[in-house]
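Structure, as structure tokens:
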Amino acid sequence: MTHRTDLDAGRGRTDTNLAEERDQTDVRLERAAPEAERPASAAVNEAVAAERAGTDDSLLTERHEADAVVDRTMRLLADERRELGASKAALAGRDEFLAMVTHDLRNPLTVIAMDAEMIARSTPDEPSAARIKAWAAEIGGSCKELRRMVGDLLDFAAMEAGAIRVSTVRADLRRVIEKVVASFASRSTATAPSLVAEIPGEPLLARFDPDRIRQVLTNLVENAMKFTAPTGSVKVRAAPQGGEVLVSVRDTGTGIRAADLPHVFERFWRLGEEGGWGLGLYICKAIVQAHGGKIEVWSEVGRGSAFSFTLPLE
Ligand code: ADP
352 MTHRTDLDAG
362 RGRTDTNLAE
372 ERDQTDVRLE
382 RAAPEAERPA
392 SAAVNEAVAA
402 ERAGTDDSLL
412 TERHEADAVV
422 DRTMRLLADE
432 RRELGASKAA
442 LAGRDEFLAM
452 VTHDLRNPLT
462 VIAMDAEMIA
472 RSTPDEPSAA
482 RIKAWAAEIG
492 GSCKELRRMV
502 GDLLDFAAME
512 AGAIRVSTVR
522 ADLRRVIEKV
532 VASFASRSTA
542 TAPSLVAEIP
552 GEPLLARFDP
562 DRIRQVLTNL
572 VENAMKFTAP
582 TGSVKVRAAP
592 QGGEVLVSVR
602 DTGTGIRAAD
612 LPHVFERFWR
622 LGEEGGWGLG
632 LYICKAIVQA
642 HGGKIEVWSE
652 VGRGSAFSFT
662 LPLE
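Under the numbering used here, the first residue of the sequence shown carries the number 352, and numbering increases by one thereafter.
What follows is the structure, given as structure tokens:
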């Protein structure tokens, strides 16, 4: 629509200017007429020729301008066509993503279904408490994984539709950290690295959405535990810094290659096939930003990683 309007406007301007040029030439010719009524002199003919030449020059200039408008319009149309191509590619990417999601959702669901069947079949004949507990734990683990993945998916859909919403309250950040660390301690196994919290003795009052910040911390700690050997450690620290509170999750794990670091907060970015869809850190970043904070990463292969974020102090 805009291009057509540009084109029409360009042509309209050319026509109007052309008409004006011709009118002005005619007026000038009429003025020259009284002299020309006397015997037509060579001077008058020359004047007429000069006027005509001037009009032709103006016409040429107007034509160039009109051509420029047409060129610009064609360029805009080409841009629009390119943008349409990009949207189509984005849609194809989304379809691919949904296909992957459906596939990945099936795996934990299959484990749940199989284990449930094992429990049902085995319990009457084989009442071994240890085996039943192991299956039950597997069911619990799969369910948790499934819940996180579905949660990520829902957050992602919400982000596509707009921004992640946070409802903030003034609260002590230490409580959230303690809860997250305690939840990991309760499911800690011999193959998990040590997890400790280093928090100040006095309240860390900040304005935040407790559920959302718990989600961010859980994600960061989960990643840290996943990429750290049982002999390693994960530390959660929080302390005021300037007008903010700085929270960090530091591990002594595998670390991330420098070339990969710029991508960790990108959506769908992940190394390896295990775990989620590469949405966890992308969602963490959106949540922290929705609080007016900033999330950063430091990492070195072989030494470990540190993810830190800030929240406004109150
Ligand atoms: P997902 O939601 O699939 O778990 P994330 O966005 O949380 O993905 O993480 C993306 C990728 O970042 C992971 O696949 C992993 O390669 C890398 N990563 C995240 N945290 C750590 C960490 N603490 N140590 C090493 N690599 C990490």
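Beta carbons: idealized from backbone N, C-alpha and C, even for Gly.
Which value, in whole angstroms, describes the spacing of the CA atoms of residue i and residue j?
i, j, result
"V648", "G436", "34 Å"
"G405", "S392", "20 Å"
"A589", "G644", "14 Å"
"A471", "H614", "45 Å"
"E665", "L597", "13 Å"
"V520", "F616", "26 Å"
"L497", "V600", "24 Å"
"T605", "D430", "45 Å"
"A419", "L410", "14 Å"
"G653", "T542", "19 Å"
"K439", "F448", "14 Å"
"A512", "D562", "21 Å"
"R433", "F658", "38 Å"
"G655", "V572", "13 Å"
"L524", "D455", "34 Å"
"S473", "G631", "37 Å"
"S545", "P581", "7 Å"
"E397", "R403", "10 Å"
"R608", "S650", "8 Å"
Just curious, the beta strand (DSSP E) that residue i is in, first and last residue?
i, result
"A657", "655–663"
"F535", "Careful: F535 lies outside any beta strand (DSSP E), inside the alpha helix (DSSP H) at 524–537."
"A590", "584–592"
"I550", "First-last for I550: undefined, no H or E at that position."
"V648", "646–651"
Can the beta-carbon of residue i be found closer than 7 Å to that of residue j?
i, j, result
"V567", "A575", "no"
"S493", "V452", "no"
"I550", "I515", "no"
"T603", "G583", "yes"
"F489", "D466", "It should be noted that the sequence gives Glu, not Phe, for residue 489. The answer is yes: Cβ separation under 7 Å."
"V517", "H642", "yes"
"A557", "L662", "yes"
"R621", "Y633", "no"
Can you give me the start and stop residues for the alpha helix (DSSP H) that residue i sits inside?
i, result
"E595", "Note, E595: premise wrong, no alpha helix (DSSP H); beta strand (DSSP E) at 595–602."
"P561", "561–577"
"G606", "Segment: none, G606 is in no alpha helix (DSSP H) and carries neither H nor E."
"I638", "631–641"
Would you say the beta carbon of residue i is closer than 6 Å to some non-hydrogen atom of the ligand MG?
i, result
"G604", "Absence of the ligand MG from the depicted structure is noted, with the ligand ADP being the only ligands included."
Segments of 3+ residues assigned as beta strand (DSSP E) that fall wholly inside the segment 413–469 = none
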